[in-house]
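Asker: To convert a position in the sequence shown, counted from 1, into this note's numbering, add 267. Cβ coordinates follow ideal geometry from the N, Cα and C atoms, glycine included. All figures in this text were calculated on a predicted structure; none of them were measured in a lab. Supplied in structure tokens, the structure appears directly below.
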Amino acid sequence: MNMKDFKPVHFNWRALGEVALITLKGSERKNPITFDSYAELRDTFRKLAAADDIKAIVFGSNEENFCSGGDVRDIIGPLLDRDMKGLLEFTRMTGDLVKAMRACPQPIIAAVDGVCVGAGAMIALFCDMRLGTPQAKTAFLFTRVGLAGCDMGACAMLPRVIGQGRASELLFTGRTMSAEEGAQWGFFNRLVAADRLQEEALALAQKIAQGPTFAHMMTKTMLGQEWSMSLEQAIEAEAQAQAICMQTGDFRRAYEAFIAKGSPRFAGN
268 MNMKDFKPVH FNWRALGEVA LITLKGSERK NPITFDSYAE LRDTFRKLAA ADDIKAIVFG
328 SNEENFCSGG DVRDIIGPLL DRDMKGLLEF TRMTGDLVKA MRACPQPIIA AVDGVCVGAG
388 AMIALFCDMR LGTPQAKTAF LFTRVGLAGC DMGACAMLPR VIGQGRASEL LFTGRTMSAE
448 EGAQWGFFNR LVAADRLQEE ALALAQKIAQ GPTFAHMMTK TMLGQEWSMS LEQAIEAEAQ
508 AQAICMQTGD FRRAYEAFIA KGSPRFAGN
């Protein structure tokens with residue numbers, strides 16, 4: 268499937284070589300997410316599983332903000348009129364978005380500037396890597412609107428990234444995690460100046476895209492699957508995964524380039 272010419276309706280998309288750049292719309296409201304953008308993002312990440320022309324993805328910021336979370340007018344208000352079946356349809360759809368992000372084989376890098384809260388914080392959390400700016404303000408706001416902190420997999424993923432105690436504090440209080448805290452706690456891989464954020468994120472994505480993308484897919488798969496494995500099961504699973512990668516042309520290309528004292532040109536197969 269070719270996605271370089273993909274034209275979504277409810278968010279911005281740019282294909283820069285083998286890297287896709289996604290940003291949310293609505294910068295005047297700090298890029299809220301809506302029913303429509305939830306669904307279209309979910310469907311897009313599902314399609315990316317079959318995309319041969321996109322090797323890495325940057326989920327970026329738009330006009331100095333990442334995402335202000337679920338739109339108050341377009342989401343929160345209408346939810347008050349839904350019955351339990353309708354509410355579950357919505358909450359399962361939000362979960363389907365982050366599940367699709369984890370299932371798509373391409374590594375996803377979040378480039379977080381400014382506001383990154385609620386569902387926006389969850390999108391950043393479910394990316395594979397996160398770059399932030401000193402101005403990044405991340406908050407899991409669910410308790411502040413009368414909801415539990417267990418939203419979209421937060422209680423499973425956030426402790427794995429920053430630790431149980433820190434995650435508990437953020438999810439119970441809904442307070443803002445500063446950029447410095449995010450970097451110290453491992454939420455952000457690193458902080459960069461705001462005027463270099465997109466450039467740095469794209470450079471990282473392009474470096475990844477030039478690597479052995481089949482092997483990257485295997486790495487992302489194992490990072491997810493090994494959470495529920497014992498150590499012995501994980502070691503065996505990685506033995507099998509690595510044996511599969513040893514059958515690829517990229518493994519042979521790397522060997523031949525090493526012998527020739529050159530750099531391998533990976534083809535993703």
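Exposed or buried, what is Gln-509 when buried is set at 16 or more other beta-carbons lying within 10 Å of its beta-carbon?
Answerer: Residue mapping note: residue 509 aligns to position 242 of the sequence shown, counting from 1. Its Cβ having fewer than 16 others within 10 Å, Gln-509 is exposed.
Asker: Where do the ends of the alpha helix (DSSP H) carrying Ala-468 lie?
Answerer: Within the sequence shown, the letter at position 201 stands for residue 468. It spans 464-476 - the alpha helix (DSSP H) in which Ala-468 sits, taken as one unbroken run.
Asker: Pull up the distance between the alpha-carbon of Gly-387 and that of Asp-341, whole angstroms please.
Answerer: Taking the sequence shown and counting its residues from 1, the one referred to as residue 387 is at position 120. Taking the sequence shown and counting its residues from 1, the one referred to as residue 341 is at position 74. About 15 Å.
Asker: Can you give the beta carbon distance from Val-286 to Ala-472, rounded, assuming they're within the 8 Å contact cut?
Answerer: Position 19 of the sequence shown holds residue 286. Position 205 of the sequence shown holds residue 472. Between Ala-472 and Val-286 the Cβ distance is about 4 Å, and since that is below 8 Å, they are a contact.
Asker: What is the residue span of the alpha helix (DSSP H) that Thr-361 lies within?
Answerer: Here the question's residue 361 lines up with position 94 in the sequence shown. Thr-361 -> alpha helix (DSSP H) spans 351-370.
Asker: Determine whether the beta carbon atoms of Gly-420 and Phe-409 lie at a separation below 8 Å.
Answerer: Working through the sequence shown from its first residue, we reach residue 420 at position 153. Working through the sequence shown from its first residue, we reach residue 409 at position 142. Against a cut-off of 8 Å, the Cβ pair of Phe-409 and Gly-420 comes out as no contact.
Asker: Assuming Gln-373 contacts Ile-324 under a Cβ cut-off of 8 Å, what Cβ separation, rounded to an integer in Å, is found between them?
Answerer: Numbered from 1 along the sequence shown, position 106 holds the residue referred to as residue 373. Numbered from 1 along the sequence shown, position 57 holds the residue referred to as residue 324. Right, the Cβ-Cβ distance comes to about 5 Å (below 8 Å), so this counts as a contact.
Asker: Restricting to runs no shorter than 4 residues, where is the alpha helix (DSSP H) found entirely within the region 362-418?
Answerer: If we require 4 residues or more, the alpha helix (DSSP H) runs fully inside the region 362-418 come out as 386-392.
Asker: Answer yes or no: do Gly-327 and Ile-289 have a C-beta to C-beta separation smaller than 8 Å?
Answerer: By one-based count along the sequence shown, residue 327 stands at place 60. By one-based count along the sequence shown, residue 289 stands at place 22. Against a cut-off of 8 Å, the Cβ pair of Ile-289 and Gly-327 comes out as a contact.
Asker: Kindly give me the distance between the Cβ atoms of Leu-346 and Phe-357, rounded to whole angstroms, as I take these residues to be in contact under 8 Å.
Answerer: The residue given as residue 346 occupies position 79 in the sequence shown. The residue given as residue 357 occupies position 90 in the sequence shown. With 8 Å as the limit, Leu-346 and Phe-357 qualify as a contact, their Cβ atoms being about 6 Å apart.
Asker: What separation, rounded to the nearest whole angstrom, lies between the Cα atoms of Gly-362 and Ile-390?
Answerer: Reading the sequence shown from its first residue, position 95 is the one you call residue 362. Reading the sequence shown from its first residue, position 123 is the one you call residue 390. Roughly 10 Å between the two C-alpha positions.
Asker: Rounded to a whole number of angstroms, what is the C-alpha to C-alpha distance between Val-459 and Arg-519?
Answerer: The residue you call residue 459 lines up with position 192 of the sequence shown. The residue you call residue 519 lines up with position 252 of the sequence shown. So the two alpha carbons sit approximately 37 Å from each other.
Asker: In terms of residue numbering, what span does the beta strand (DSSP E) encompassing Arg-281 cover?
Answerer: Residue mapping note: residue 281 aligns to position 14 of the sequence shown, counting from 1. From DSSP, the beta strand (DSSP E) with Arg-281 extends over 278-283.
Asker: Does the separation of the CB atoms of Arg-442 and Ala-406 fall below 8 Å?
Answerer: Here residue 442 corresponds to residue number 175 of the sequence shown, with the count starting at 1. Here residue 406 corresponds to residue number 139 of the sequence shown, with the count starting at 1. Cβ distance < 8 Å, so Arg-442 and Ala-406 count as in contact.
Asker: Do the region 502-517 and the region 525-534 touch if we need at least three Cβ pairs shorter than 8 Å?
Answerer: Enough Cβ pairs lie closer than 8 Å, so yes.
Asker: Looking only at C-alpha atoms, which of Cys-394, Cys-334, Asp-395 and Arg-369 sits nearest to Asp-380?
Answerer: What you label residue 380 is simply residue 113 of the sequence shown in a count that begins at 1. Of the candidates Cys-394, Cys-334, Asp-395 and Arg-369, the one whose C-alpha sits nearest the C-alpha of Asp-380 is Cys-334.
Asker: To the nearest angstrom, report how far apart Pro-479 and Lys-352 are at their CA atoms.
Answerer: Counted from its first residue, the sequence shown places residue 479 at position 212. Counted from its first residue, the sequence shown places residue 352 at position 85. Each residue's alpha carbon lies about 44 Å from the other.
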